[in-house]
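Our numbering applies: residue -11 is where the sequence shown begins, and numbers increase by one.
Quick reminder that beta carbons are idealized off the backbone N, C-alpha and C, glycines included.
Worksheet: the structure to be examined is printed underneath.
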Amino acid sequence: MYPVSMRRLINELTKLPSVGDKSATRLAYHLITRGRHDGLALSAAIQEAIEKVSLCKVCHFIAEGEVCPICQDERRNRRLLCAVEKPADVIALERSGGYRGLYHVLHGVWSPLKGVGPEQTRMQQLLERLNPERSTPQTDDPLQLPLEELILATSTTVEGDATALYVANAVQSMGVVVSRLAQGLPKGGELEYADELTLHLSLEGRRSL
């Protein structure tokens, strides 16, 4: 029905999150009909982002270069660390205006039923950052030990709760004060979809684990 090149575009678009065949077809049609200049501009923007954007080698947030702007910001509280599931959660917390510490992005949660263990996330890197006896400290890591507090800002899903409990138990011997966001967030909810006020209040009302 469609030319081979358009079918290929549709197939690639279906690989994006939450994009099914119908949505991909509409997007492909829009891209084809919006004009050559706009299409090429989008293609160039995608290529540039793929070439320049990577993960911060310290906290694993999105960065251009080796270290992200948050890790480089000397005004942040370097004895306060917040662990989140994904980069979108960092954006949500920054928009709330209620947090001025550093971050660690786990890039996933512990989910045994889905075959995802701690080794498939950045949990081990988190534990290495928190270990006061780490043998090879990162020279670019602004984190200062001992920490005042580790905030576990995982989602209120079963997997998010399990991840928070796993990390809390793992750092218990390190003498780290661990807290969790207050349960103002809906059960089963994800941080990136919460509004700024809810996140701000959840940060203020966080509880120790």
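Would you kindly work out how many angstroms separate the C-alpha atoms of I58 and L81, rounded to a whole number?
Straight-line spacing of the CA atoms in I58 and L81 works out to 12 Å.
Close Cβ partners of T142 (< 6 Å) along its chain, the five nearest in sequence each way excluded
Hits under 6 Å: E73, G148, T151, A152.
For E137, which residues of its own chain have a beta-carbon under 7 Å away from its beta-carbon, when the five flanking residues on both sides are left out?
Within the same chain, E137 has close Cβ partners L68, V165, S167.
Sort out for me which residues DSSP pairs V166 with in a bridge.
Bridge pairing for V166: L138 [DSSP].
Exposed or buried, S(-7), counting other C-beta atoms within 10 Å across all chains shown (16 or more means buried)?
Per the 10 Å Cβ criterion, exposed.
Supposed contact pair L15 and L28 - C-beta distance, whole angstroms, cut 8 Å:
Contact between L28 and L15 does not hold, since the beta-carbon distance rounds to 16 Å and is not under 8 Å.
Backbone CA spacing between N65 and C56 [nearest angstrom]
Going by the C-alpha atoms only, they are around 15 Å apart.
Mapping DSSP to helix, strand and coil, what is N65?
In the three-state reduction of the DSSP assignment, N65 falls in the strand class.
Are the region 88 to 95 and the region 38 to 48 in contact at 8 Å, needing three or more beta carbon pairs?
Yes, the region 88 to 95 is in contact with the region 38 to 48.
From V97 to A12, what distance separates their C-alpha atoms?
Their backbone Cα atoms lie some 28 Å apart in a straight line.
Is the beta carbon of K40 closer than 9 Å to that of E54?
Contact flag unset, no.
Per DSSP, what kind of secondary structure is C198 in: helix, strand or coil?
The displayed coordinates of the chain run from -11 to 197. Any statement about residue 198 would go beyond what the structure contains.
Do you know whose CA, among E36, I139, Q35, lies nearest V159's CA?
Nearest of E36, I139, Q35 to V159, Cα basis: I139.
Return the CA-CA distance between V199 and L169, expressed in angstroms with no decimal places.
Residue 199 is absent from the structure shown; the chain starts at -11 and stops at 197.
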